[in-house]
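Data first, discussion second: the structure below is written as structure tokens.
Structure below.
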């Protein structure tokens, strides 16, 4: 019914078949035939051909109102597509644990917002297991997490490599025996602790000490238990927590030893109540990834955020 409406609308604007045909670079008989086919589909005349200038019938006035509404919707959509393509509009929902929401995302989001101020950014802070469900349901566009998500359900891109460290309360007597193996926060921040000449700690020396571990569904927990087993013991767990940042703070209070990623240690202020030890790199290294739902359309906002996160001038490029 509205196929060919642009021809009808041009005749309406020009109030003449001849002027409309000239403006559209077609012959007048061809234009008249096209308009006649539209009227036949509608079932009634659109133009009152007895008047000069050419007028509209009552139905014709309603038809033109409808055409103008359609053209307005089309124009709005075309404008949206153009703005969306140049990121002058849109929305990006990011998800991360307390650690990433506090120490990783703020800088990236600030840079992205400065470059694309009209894109709405949303940050959802939750446990990894909860975020994985929201990612699957489409409530989150991307989440930052360690590479343990189901690869059948999620796609991922490496953000950086991370290394687990042993964080021990300064007051523990065991530190006196291991003083020559302690690494400074500056060595961790600079990455010098990764050099071969920096020795890893014999973890079995801490077998009788209390440990603060993450809850069982957490990647840090699974890796920590695996590392302890590789040294021939099961950790004596005195507290289980949801967040790595909380574990670090509890270790700082003196309650127990925790496994902490160098991402966190690089970010937090100097803490005189905690000492750090290197763990063997072959069992302490893991990937930190941006994850999104497998098969979903990767939006322009997602693409540009990933490009920004992986820029070479960042401290931890992809």
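In the working numbering, the protein residues as written are 9 to 326.
Even for Gly, the Cβ is constructed at its ideal location relative to N, Cα and C.
Since we're looking at a predicted model, the values are computed, not measured.
Cβ pair count under 8 angstroms reaching 3, the region 170-190 against the region 283-290:
yes
Of the residues 318, 315, 319 and 308, the one placed nearest residue 127, counting alpha carbons only:
308
Among 107, 141 and 123, which residue has its Cα nearest to the Cα of residue 133?
107
Which residue comes first and which comes last in the beta strand (DSSP E) that contains residue 299?
293-301
Going by beta-carbon coordinates alone, are residue 151 and residue 103 separated by less than 8 angstroms?
yes
Which term fits residue 78, buried or exposed, when burial requires 16 or more other beta carbons within 10 angstroms of its beta carbon?
exposed
Let me know the secondary structure DSSP gives residue 208 once reduced to three states.
coil
Closest Cα partner of residue 57 within the set 99, 95, 68 and 81:
68
CA nearest to the CA of residue 230, picked from 205, 185, 51 and 294
294
Given a threshold of 16 other Cβ atoms within 10 Å of its Cβ, counted over all protein chains shown, does residue 9 qualify as buried or as exposed?
exposed
Report the rounded CA-to-CA distance for residue 117 versus residue 163, giving the unit in angstroms.
21 angstroms
Counted within 10 angstroms of its Cβ, other Cβ atoms place residue 122 as buried (16 or more) or exposed:
exposed
For residue 162, the three-state DSSP class (helix, strand or coil):
strand
Across the region 162-178 and the region 295-304, are there enough close Cβ pairs to call them in contact, namely three or more that are closer than 8 angstroms?
yes
Provide the residue span of the alpha helix (DSSP H) that contains residue 247, from first to last.
Per DSSP, residue 247 belongs to no alpha helix (DSSP H); it is in the beta strand (DSSP E), 244-249.
If I follow the unbroken alpha helix (DSSP H) through residue 32, where does it start and stop?
25-32
Under DSSP, the beta strand (DSSP E) around residue 101 begins and ends at which residues?
99-104
Just to check my reading of the structure: residue 52 and residue 42 have Cβ atoms closer than 8 angstroms, yes? What is that Cβ distance to the nearest angstrom?
Rounded, the Cβ-Cβ distance is 17 angstroms, inconsistent with contact.
Residue 19 and residue 25: beta carbons closer than 8 angstroms?
yes
Which class does residue 68 belong to by DSSP, given the choice of helix, strand or coil?
helix
Exposed or buried, what is residue 252 when buried is set at 16 or more other beta-carbons lying within 10 Å of its beta-carbon?
buried
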